[in-house]
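Trainee: Quick one: the structure is below, questions incoming.
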Amino acid sequence: MKMIVKEREVPLTILKLEALLRRISAQHPKRPEIEKDLARRRAGLRGEESLDYYLKELDDQSYSIFHDIRLSLNDYYFQIDTLIISNFFALIIEVKNISGTLHLDHSFNQLIRTKADGTEEGFPDPFSQVDQQKRHLQKWLQQQKLPIIPIETLVVIANPSTIIKTTTNHTPQNQKLCHSVKLIEKINWYTNRYKNEVISQKSRRKLHKTLLKMHTSLNIDILRRFEVSRAEIINGINCPKCFYNPIQHIHGKWHCPKCQYSSKNAHIQALEEYGLLIQFSITNQQFRHFTHLSSRFVANRILRSMSLKQTGTNKGRVYYLNQP
334 MKMIVKEREV
344 PLTILKLEAL
354 LRRISAQHPK
364 RPEIEKDLAR
374 RRAGLRGEES
384 LDYYLKELDD
394 QSYSIFHDIR
404 LSLNDYYFQI
414 DTLIISNFFA
424 LIIEVKNISG
434 TLHLDHSFNQ
444 LIRTKADGTE
454 EGFPDPFSQV
464 DQQKRHLQKW
474 LQQQKLPIIP
484 IETLVVIANP
494 STIIKTTTNH
504 TPQNQKLCHS
514 VKLIEKINWY
524 TNRYKNEVIS
534 QKSRRKLHKT
544 LLKMHTSLNI
554 DILRRFEVSR
564 AEIINGINCP
574 KCFYNPIQHI
584 HGKWHCPKCQ
594 YSSKNAHIQA
604 LEEYGLLIQF
614 SITNQQFRHF
624 THLSSRFVAN
634 RILRSMSLKQ
644 TGTNKGRVYY
654 LNQP
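To convert a position in the sequence shown, counted from 1, into the numbering used here, add 333.
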(Lines of atoms letter the chains of each structure in order from A; the text may use other names.)
(Lines give C-alpha, C1' and ligand atoms only; values in the text may rest on other atoms or scores of the structure.)
Protein backbone atom coordinates (compact mmCIF):
# COMPACT_ATOMS: atom_id res chain seq x y z
CA MET A 334 0.00 0.00 0.00
CA LYS A 335 1.38 3.40 -0.97
CA MET A 336 2.30 5.43 2.12
CA ILE A 337 1.75 8.94 0.72
CA VAL A 338 -1.78 8.71 -0.63
CA LYS A 339 -2.20 12.45 -1.21
CA GLU A 340 0.95 14.35 -2.11
CA ARG A 341 1.59 17.85 -0.90
CA GLU A 342 1.13 20.48 -3.61
CA VAL A 343 1.80 24.19 -3.76
CA PRO A 344 -1.53 25.66 -2.56
CA LEU A 345 -3.62 27.40 -5.19
CA THR A 346 -3.74 30.51 -3.00
CA ILE A 347 0.06 30.84 -3.15
CA LEU A 348 -0.02 30.54 -6.94
CA LYS A 349 -2.71 33.21 -7.09
CA LEU A 350 -0.80 35.57 -4.80
CA GLU A 351 2.36 35.16 -6.89
CA ALA A 352 0.41 35.83 -10.08
CA LEU A 353 -1.26 38.87 -8.54
CA LEU A 354 2.08 40.42 -7.57
CA ARG A 355 3.32 39.97 -11.14
CA ARG A 356 0.22 41.70 -12.50
CA ILE A 357 -0.14 44.81 -10.31
CA SER A 358 2.04 47.90 -10.25
CA ALA A 359 4.97 48.21 -7.85
CA GLN A 360 3.17 51.18 -6.25
CA HIS A 361 -0.17 49.46 -5.73
CA PRO A 362 -1.49 50.27 -2.21
CA LYS A 363 -2.42 46.64 -1.56
CA ARG A 364 1.02 45.31 -2.49
CA PRO A 365 2.51 45.27 1.06
CA GLU A 366 -0.52 43.37 2.37
CA ILE A 367 -0.34 40.85 -0.48
CA GLU A 368 3.41 40.35 0.03
CA LYS A 369 2.91 39.81 3.77
CA ASP A 370 0.20 37.22 3.17
CA LEU A 371 2.34 35.43 0.58
CA ALA A 372 5.37 35.37 2.92
CA ARG A 373 3.23 33.89 5.71
CA ARG A 374 1.80 31.19 3.46
CA ARG A 375 5.21 30.32 2.01
CA ALA A 376 6.60 29.96 5.53
CA GLY A 377 3.72 27.65 6.40
CA LEU A 378 4.38 25.54 3.30
CA ARG A 379 8.10 25.29 4.11
CA GLY A 380 7.19 24.16 7.60
CA GLU A 381 4.93 21.43 6.26
CA GLU A 382 7.56 20.34 3.73
CA SER A 383 10.18 20.07 6.48
CA LEU A 384 8.24 17.14 7.98
CA ASP A 385 8.83 15.01 4.88
CA TYR A 386 12.41 14.23 5.93
CA TYR A 387 11.18 12.61 9.12
CA LEU A 388 8.05 10.94 7.72
CA LYS A 389 10.25 8.91 5.36
CA GLU A 390 11.21 6.79 8.37
CA LEU A 391 7.69 5.39 8.70
CA ASP A 392 6.84 1.93 7.42
CA ASP A 393 4.89 2.39 4.19
CA GLN A 394 2.67 -0.63 4.89
CA SER A 395 1.63 0.52 8.35
CA TYR A 396 0.79 4.16 7.70
CA SER A 397 -1.02 6.22 5.07
CA ILE A 398 -0.33 9.93 4.74
CA PHE A 399 -2.60 12.66 3.37
CA HIS A 400 -1.17 16.16 2.97
CA ASP A 401 -3.42 19.24 2.91
CA ILE A 402 -6.75 17.46 2.95
CA ARG A 403 -9.83 19.74 2.84
CA LEU A 404 -13.27 18.25 3.44
CA SER A 405 -16.83 19.50 3.50
CA LEU A 406 -18.91 19.13 6.63
CA ASN A 407 -22.48 20.38 6.31
CA ASP A 408 -22.13 23.98 5.07
CA TYR A 409 -18.45 24.58 5.80
CA TYR A 410 -15.01 23.15 5.12
CA PHE A 411 -12.20 22.09 7.40
CA GLN A 412 -8.57 21.53 6.46
CA ILE A 413 -5.85 19.33 7.94
CA ASP A 414 -2.13 19.96 7.33
CA THR A 415 -1.18 16.27 7.54
CA LEU A 416 -3.37 13.28 8.34
CA ILE A 417 -1.75 9.92 9.14
CA ILE A 418 -3.92 6.79 9.18
CA SER A 419 -3.11 3.28 10.37
CA ASN A 420 -5.31 0.28 11.11
CA PHE A 421 -5.17 1.27 14.78
CA PHE A 422 -5.55 5.05 14.96
CA ALA A 423 -5.43 8.33 13.02
CA LEU A 424 -3.20 11.29 13.77
CA ILE A 425 -3.90 14.92 12.86
CA ILE A 426 -0.74 17.04 12.62
CA GLU A 427 -0.88 20.83 12.72
CA VAL A 428 2.41 22.40 11.65
CA LYS A 429 3.59 25.80 12.89
CA ASN A 430 6.63 27.40 11.29
CA ILE A 431 7.11 30.32 13.70
CA SER A 432 10.47 31.67 14.82
CA GLY A 433 11.41 33.37 18.08
CA THR A 434 10.17 32.37 21.54
CA LEU A 435 6.69 30.88 21.79
CA HIS A 436 4.78 31.21 25.02
CA LEU A 437 1.83 28.83 25.38
CA ASP A 438 -0.68 30.19 27.87
CA HIS A 439 -3.07 27.33 28.61
CA SER A 440 -5.10 29.46 31.04
CA PHE A 441 -6.24 31.83 28.30
CA ASN A 442 -5.69 29.55 25.28
CA GLN A 443 -3.13 31.86 23.72
CA LEU A 444 0.02 31.43 21.66
CA ILE A 445 2.31 34.45 21.98
CA ARG A 446 5.46 34.88 19.92
CA THR A 447 8.25 37.11 21.25
CA LYS A 448 10.64 38.32 18.56
CA ALA A 449 14.34 39.04 19.02
CA ASP A 450 13.58 42.75 19.40
CA GLY A 451 11.18 42.04 22.25
CA THR A 452 7.93 42.73 20.39
CA GLU A 453 5.07 40.32 20.95
CA GLU A 454 2.56 38.90 18.48
CA GLY A 455 -0.48 36.75 19.16
CA PHE A 456 -1.52 33.66 17.18
CA PRO A 457 -4.56 31.37 17.30
CA ASP A 458 -4.25 28.63 19.89
CA PRO A 459 -2.95 25.60 17.94
CA PHE A 460 -4.43 23.10 20.41
CA SER A 461 -7.91 24.57 19.91
CA GLN A 462 -7.33 24.30 16.16
CA VAL A 463 -6.43 20.61 16.17
CA ASP A 464 -9.18 19.78 18.68
CA GLN A 465 -11.68 21.39 16.33
CA GLN A 466 -10.23 19.48 13.37
CA LYS A 467 -10.57 16.27 15.37
CA ARG A 468 -14.26 16.94 16.10
CA HIS A 469 -14.90 17.79 12.46
CA LEU A 470 -13.17 14.65 11.23
CA GLN A 471 -15.14 12.49 13.65
CA LYS A 472 -18.42 13.98 12.41
CA TRP A 473 -17.29 13.64 8.80
CA LEU A 474 -16.53 9.93 9.26
CA GLN A 475 -19.99 9.44 10.74
CA GLN A 476 -21.67 11.29 7.87
CA GLN A 477 -19.79 9.21 5.30
CA LYS A 478 -20.72 6.03 7.20
CA LEU A 479 -17.05 5.12 7.50
CA PRO A 480 -15.51 3.15 10.36
CA ILE A 481 -14.92 5.22 13.46
CA ILE A 482 -11.24 5.26 14.34
CA PRO A 483 -9.47 6.75 17.39
CA ILE A 484 -8.09 10.17 16.45
CA GLU A 485 -5.07 11.76 18.11
CA THR A 486 -3.67 15.26 17.56
CA LEU A 487 -0.19 16.72 17.49
CA VAL A 488 1.17 20.25 17.11
CA VAL A 489 4.62 20.29 15.47
CA ILE A 490 6.95 23.29 15.60
CA ALA A 491 8.89 23.17 12.33
CA ASN A 492 11.58 25.74 13.13
CA PRO A 493 14.31 23.93 15.15
CA SER A 494 15.57 27.16 16.72
CA THR A 495 12.17 28.15 18.12
CA ILE A 496 12.08 28.21 21.94
CA ILE A 497 8.89 26.89 23.50
CA LYS A 498 7.70 28.02 26.92
CA THR A 499 4.50 27.08 28.73
CA THR A 500 2.65 28.28 31.80
CA THR A 501 2.53 24.72 33.16
CA ASN A 502 5.06 21.94 32.64
CA HIS A 503 2.82 18.87 32.70
CA THR A 504 -0.49 19.09 30.87
CA PRO A 505 -2.16 16.86 28.27
CA GLN A 506 -1.59 19.60 25.70
CA ASN A 507 2.16 19.68 26.30
CA GLN A 508 2.29 15.97 25.50
CA LYS A 509 0.78 16.81 22.12
CA LEU A 510 3.50 19.32 21.21
CA CYS A 511 6.97 18.74 19.77
CA HIS A 512 9.68 19.96 17.43
CA SER A 513 9.98 18.20 14.05
CA VAL A 514 12.96 16.14 15.22
CA LYS A 515 10.72 14.41 17.79
CA LEU A 516 7.91 13.65 15.32
CA ILE A 517 8.69 9.95 14.74
CA GLU A 518 9.19 9.42 18.45
CA LYS A 519 5.69 10.80 19.06
CA ILE A 520 4.15 8.68 16.29
CA ASN A 521 5.82 5.57 17.74
CA TRP A 522 4.45 6.46 21.16
CA TYR A 523 0.90 6.48 19.76
CA THR A 524 1.58 3.26 17.86
CA ASN A 525 2.62 1.50 21.06
CA ARG A 526 -0.42 2.88 22.85
CA TYR A 527 -2.96 1.45 20.42
CA LYS A 528 -2.76 -2.34 20.30
CA ASN A 529 -6.19 -3.23 18.90
CA GLU A 530 -6.79 -3.07 15.16
CA VAL A 531 -9.99 -1.08 14.54
CA ILE A 532 -10.15 -1.14 10.73
CA SER A 533 -9.06 -3.73 8.19
CA GLN A 534 -6.84 -3.12 5.18
CA LYS A 535 -9.97 -3.23 3.01
CA SER A 536 -11.71 -0.59 5.14
CA ARG A 537 -8.59 1.54 5.11
CA ARG A 538 -8.47 1.46 1.31
CA LYS A 539 -12.13 2.50 1.22
CA LEU A 540 -11.32 5.37 3.55
CA HIS A 541 -8.44 6.39 1.24
CA LYS A 542 -10.72 6.50 -1.79
CA THR A 543 -13.38 8.50 0.02
CA LEU A 544 -10.89 11.05 1.34
CA LEU A 545 -9.43 11.59 -2.13
CA LYS A 546 -12.87 11.79 -3.73
CA MET A 547 -14.24 14.27 -1.19
CA HIS A 548 -11.16 16.51 -1.03
CA THR A 549 -11.80 20.01 -2.42
CA SER A 550 -8.97 22.50 -2.90
CA LEU A 551 -9.47 26.02 -1.56
CA ASN A 552 -10.14 28.32 -4.51
CA ILE A 553 -10.65 31.91 -3.37
CA ASP A 554 -11.33 34.93 -5.55
CA ILE A 555 -7.99 36.63 -4.93
CA LEU A 556 -9.05 39.95 -6.49
CA ARG A 557 -12.07 40.19 -4.23
CA ARG A 558 -10.01 39.10 -1.23
CA PHE A 559 -7.69 42.10 -1.62
CA GLU A 560 -10.21 44.46 -3.23
CA VAL A 561 -8.22 44.72 -6.46
CA SER A 562 -10.28 45.62 -9.53
CA ARG A 563 -9.95 43.88 -12.89
CA ALA A 564 -8.89 47.23 -14.38
CA GLU A 565 -5.84 47.25 -12.08
CA ILE A 566 -4.54 43.98 -13.52
CA ILE A 567 -1.72 44.68 -15.97
CA ASN A 568 -2.32 43.08 -19.37
CA GLY A 569 0.40 42.02 -21.79
CA ILE A 570 3.04 39.30 -21.95
CA ASN A 571 5.95 39.60 -19.51
CA CYS A 572 9.43 38.94 -20.88
CA PRO A 573 10.59 35.63 -19.35
CA LYS A 574 14.13 37.03 -19.00
CA CYS A 575 13.93 40.69 -17.92
CA PHE A 576 10.17 40.85 -17.08
CA TYR A 577 9.57 43.83 -19.37
CA ASN A 578 5.90 44.25 -20.31
CA PRO A 579 4.52 44.15 -22.94
CA ILE A 580 6.61 42.13 -25.37
CA GLN A 581 5.50 41.83 -28.99
CA HIS A 582 4.52 38.90 -31.19
CA ILE A 583 6.56 39.02 -34.41
CA HIS A 584 6.91 36.22 -36.99
CA GLY A 585 5.67 33.48 -34.68
CA LYS A 586 7.70 34.49 -31.62
CA TRP A 587 7.38 36.84 -28.67
CA HIS A 588 10.15 39.47 -28.82
CA CYS A 589 11.27 41.72 -26.00
CA PRO A 590 12.17 45.21 -27.22
CA LYS A 591 14.23 45.85 -24.10
CA CYS A 592 16.61 42.87 -23.85
CA GLN A 593 15.98 41.37 -27.32
CA TYR A 594 15.04 37.98 -25.84
CA SER A 595 12.64 35.91 -27.93
CA SER A 596 10.35 33.03 -26.98
CA LYS A 597 7.73 30.87 -28.66
CA ASN A 598 5.95 30.04 -25.40
CA ALA A 599 5.91 33.25 -23.35
CA HIS A 600 2.11 33.30 -23.61
CA ILE A 601 1.78 30.12 -21.52
CA GLN A 602 2.56 31.80 -18.20
CA ALA A 603 0.35 34.75 -19.14
CA LEU A 604 -2.58 32.38 -19.69
CA GLU A 605 -1.85 30.63 -16.40
CA GLU A 606 -1.99 34.02 -14.67
CA TYR A 607 -5.22 34.88 -16.49
CA GLY A 608 -6.75 31.67 -15.19
CA LEU A 609 -5.55 32.24 -11.63
CA LEU A 610 -6.69 35.87 -11.48
CA ILE A 611 -9.62 36.23 -13.87
CA GLN A 612 -11.21 32.92 -14.93
CA PHE A 613 -10.27 29.52 -16.34
CA SER A 614 -12.03 30.11 -19.65
CA ILE A 615 -11.07 32.54 -22.41
CA THR A 616 -12.27 33.59 -25.85
CA ASN A 617 -10.19 34.72 -28.80
CA GLN A 618 -11.18 38.33 -28.14
CA GLN A 619 -10.31 38.10 -24.43
CA PHE A 620 -6.97 36.52 -25.30
CA ARG A 621 -6.14 39.31 -27.75
CA HIS A 622 -7.10 41.97 -25.23
CA PHE A 623 -4.99 40.38 -22.48
CA THR A 624 -1.91 39.76 -24.65
CA HIS A 625 -2.10 42.92 -26.82
CA LEU A 626 -2.43 40.84 -29.97
CA SER A 627 -4.15 42.55 -32.90
CA SER A 628 -4.72 39.55 -35.19
CA ARG A 629 -7.54 37.17 -34.35
CA PHE A 630 -5.98 34.65 -36.74
CA VAL A 631 -2.68 34.65 -34.84
CA ALA A 632 -4.59 34.40 -31.56
CA ASN A 633 -6.60 31.49 -32.93
CA ARG A 634 -3.43 29.69 -34.04
CA ILE A 635 -1.79 30.13 -30.63
CA LEU A 636 -4.85 28.95 -28.70
CA ARG A 637 -5.35 25.92 -30.93
CA SER A 638 -1.68 24.96 -30.58
CA MET A 639 -2.18 24.51 -26.83
CA SER A 640 -4.66 21.61 -27.26
CA LEU A 641 -7.09 23.16 -24.81
CA LYS A 642 -10.58 21.83 -24.25
CA GLN A 643 -13.03 24.03 -26.18
CA THR A 644 -16.71 24.55 -26.84
CA GLY A 645 -18.63 26.58 -29.41
CA THR A 646 -17.66 27.65 -32.90
CA ASN A 647 -16.24 30.71 -34.65
CA LYS A 648 -16.60 33.88 -32.53
CA GLY A 649 -18.47 31.92 -29.88
CA ARG A 650 -15.60 29.50 -29.28
CA VAL A 651 -14.47 29.26 -25.65
CA TYR A 652 -11.15 27.71 -24.56
CA TYR A 653 -10.76 26.17 -21.10
CA LEU A 654 -7.38 26.70 -19.48
CA ASN A 655 -5.65 23.93 -17.57
CA GLN A 656 -6.11 24.42 -13.84
CA PRO A 657 -3.16 23.87 -11.45
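Every residue, glycine too, gets a C-beta built ideally from N, C-alpha and C.
Just verifying my parser: in three-state terms, what is the DSSP assignment at Phe411?
Mentor: Here residue 411 is taken as the residue at index 78 of the sequence shown, counted from 1. Correct three-state label for Phe411: strand.
Trainee: At what residue ranges does the segment 451-488 contain a whole run of the beta strand (DSSP E), taking only runs of 3 or more?
Mentor: DSSP runs (the beta strand (DSSP E)) wholly in the segment 451-488: 453-456.
Trainee: Return yes when the Cβ of Tyr527 is within less than 8 angstroms of the Cβ of Phe739, no when it is not.
Mentor: No answer is possible for residue 739: the residues shown for the chain start at 334 and end at 657.
Trainee: Based on Cα-Cα distance, which residue from Leu378, Val514, Phe411 lies nearest to Glu340?
Mentor: As a position in the sequence shown, residue 340 is number 7, starting the count at 1. It is Leu378.
Trainee: Checking the sheet assignment: what are the DSSP bridge partners for His512?
Mentor: Reading the sequence shown from its first residue, position 179 is the one you call residue 512. Paired residue(s): Ile490.
Trainee: With contact counted as at least three CB pairs below 8 angstroms, one residue from each stretch, are the segment 370-390 and the segment 635-644 in contact?
Mentor: With the cut-off at 8 angstroms, the segment 370-390 and the segment 635-644 do not touch.
Trainee: Suppose only complete runs of 3+ residues qualify. What are the beta strand (DSSP E) ranges in the segment 530-601, listed by chain order?
Mentor: Counting only runs of 3 or more, we get 581-583, 586-588.
Trainee: If distances are taken between C-alpha atoms only, which option among Glu454, Cys589, Thr434 comes closest to Thr499?
Mentor: Sequence index remark: in the sequence shown, residue 499 carries index 166 (1-based). Of the candidates Glu454, Cys589, Thr434, the one whose C-alpha sits nearest the C-alpha of Thr499 is Thr434.
Trainee: Is it buried or exposed, Thr415, if we count other Cβ atoms within 10 angstroms and call 16 or more buried?
Mentor: Here residue 415 is taken as the residue at index 82 of the sequence shown, counted from 1. Buried, since its Cβ has 16 or more Cβ neighbours within 10 Å.
Trainee: Give a yes or no on whether the C-beta atoms belonging to His469 and Leu406 are separated by under 8 angstroms.
Mentor: Within the sequence shown, the letter at position 136 stands for residue 469. Within the sequence shown, the letter at position 73 stands for residue 406. Yes. Within cutoff.
Trainee: Assess, as a yes-or-no matter, whether the segment 527-536 is touched by the segment 550-562 under the definition of 3 or more beta carbon pairs within less than 8 angstroms.
Mentor: Cβ pair count under 8 angstroms is below three, so no.
Trainee: Taking all protein chains shown into account, decide if Asn571 is buried (16 or more other Cβ within 10 angstroms of its Cβ) or exposed.
Mentor: In the sequence shown, the residue the question calls residue 571 occupies position 238. It is buried - the Cβ of Asn571 has at least 16 other Cβ atoms within 10 Å.
Trainee: Quick check: Leu424 and Ile431, are their CB atoms within less than 8 angstroms of each other?
Mentor: Position 91 of the sequence shown, counting from 1, holds the residue named residue 424. Position 98 of the sequence shown, counting from 1, holds the residue named residue 431. No. Outside cutoff.
Trainee: How many Å lie between His301 and Asp438 at the Cα?
Mentor: Lying before the first or after the last residue shown, residue 301 is absent from the chain, which here runs from 334 to 657.
Trainee: Would you call the segment 368-378 in contact with the segment 511-522, where contact means no fewer than 3 C-beta pairs closer than 8 angstroms?
Mentor: As far as the Cβ criterion goes, the segment 368-378 does not touch the segment 511-522, which means the pair count is below three.
Trainee: For Thr644, which residues in the same chain have their Cβ closer than 7 angstroms to its Cβ, ignoring the five residues on either side in sequence?
Mentor: If you number the sequence shown from 1, residue 644 lands on position 311. Contacts found: Val651.
Trainee: Is the separation between the beta-carbon of Ala352 and that of Leu609 shorter than 8 angstroms?
Mentor: Counted from its first residue, the sequence shown places residue 352 at position 19. Counted from its first residue, the sequence shown places residue 609 at position 276. Against a cut-off of 8 angstroms, the Cβ pair of Leu609 and Ala352 comes out as a contact.
Trainee: Provide the residue span of the beta strand (DSSP E) that contains His361, from first to last.
Mentor: Sequence index remark: in the sequence shown, residue 361 carries index 28 (1-based). Element bounds for His361: n/a, residue is neither H nor E.
Trainee: Using the rule of at least 16 other Cβ atoms within 10 Å of the residue's Cβ for burial, across every protein chain shown, is Gln603 buried or exposed?
Mentor: To locate residue 603, count along the sequence shown from 1; it is residue 270. The question names Gln, but residue 603 is Ala in the sequence shown. It is buried - the Cβ of Ala603 has at least 16 other Cβ atoms within 10 Å.
Trainee: Using 8 angstroms as the threshold, is the C-beta distance between Gln471 and Ile490 below it?
Mentor: Translated into positions along the sequence shown, residue 471 becomes position 138. Translated into positions along the sequence shown, residue 490 becomes position 157. No, the pair does not count as a contact, with Cβ atoms beyond the cut-off.
Trainee: Tell me which residues share the same chain as Val563 and place their Cβ nearer than 8 angstroms to its Cβ, disregarding the 5 neighbours each side in the sequence.
Mentor: The residue labelled residue 563 in the question sits at position 230 within the sequence shown. The sequence shown places Arg at residue 563, not Val. Closer than 8 angstroms at Cβ, skipping near neighbours: Leu556, Ile611.
Trainee: With DSSP as the reference, please indicate the residues paired to Arg650 in a beta bridge.
Mentor: Taking the sequence shown and counting its residues from 1, one reaches residue 650 at position 317. According to DSSP, which records beta bridges pairwise, Arg650 is partnered with nothing at all.
Trainee: Taking C-alpha atoms, which residue in Asn492, Tyr607, Tyr577, Asp401 lies nearest to Glu342?
Mentor: What you label residue 342 is simply residue 9 of the sequence shown in a count that begins at 1. Residue Asp401 is the option with its Cα nearest to Glu342.
Trainee: If we count the other Cβ atoms within 10 Å of its Cβ and call it buried at 16 or more, is Phe623 buried or exposed?
Mentor: Taking the sequence shown and counting its residues from 1, one reaches residue 623 at position 290. With 16 or more other Cβ atoms within 10 Å, it is buried.
Trainee: Identify whether Ala449 lies in helix, strand or coil by the three-state DSSP scheme.
Mentor: One-based indexing of the sequence shown puts residue 449 at position 116. Looking at Ala449 - three-state DSSP - the assignment turns out to be coil, as it is neither helix nor strand.
Trainee: With Leu353 as the anchor, note down where its alpha helix (DSSP H) starts and where it stops.
Mentor: By one-based count along the sequence shown, residue 353 stands at place 20. Note, Leu353: alpha helix (DSSP H), 345-355.
Trainee: Short of 8 angstroms in beta carbon distance, which residues of its chain neighbour Pro573, apart from the five on each side in sequence? Order them along the chain.
Mentor: For the purposes of this step, residue 573 is taken as the residue at position 240 of the sequence shown. Taken in chain order, the residues that qualify are Tyr594, Ser596, Ala599, Gln602.
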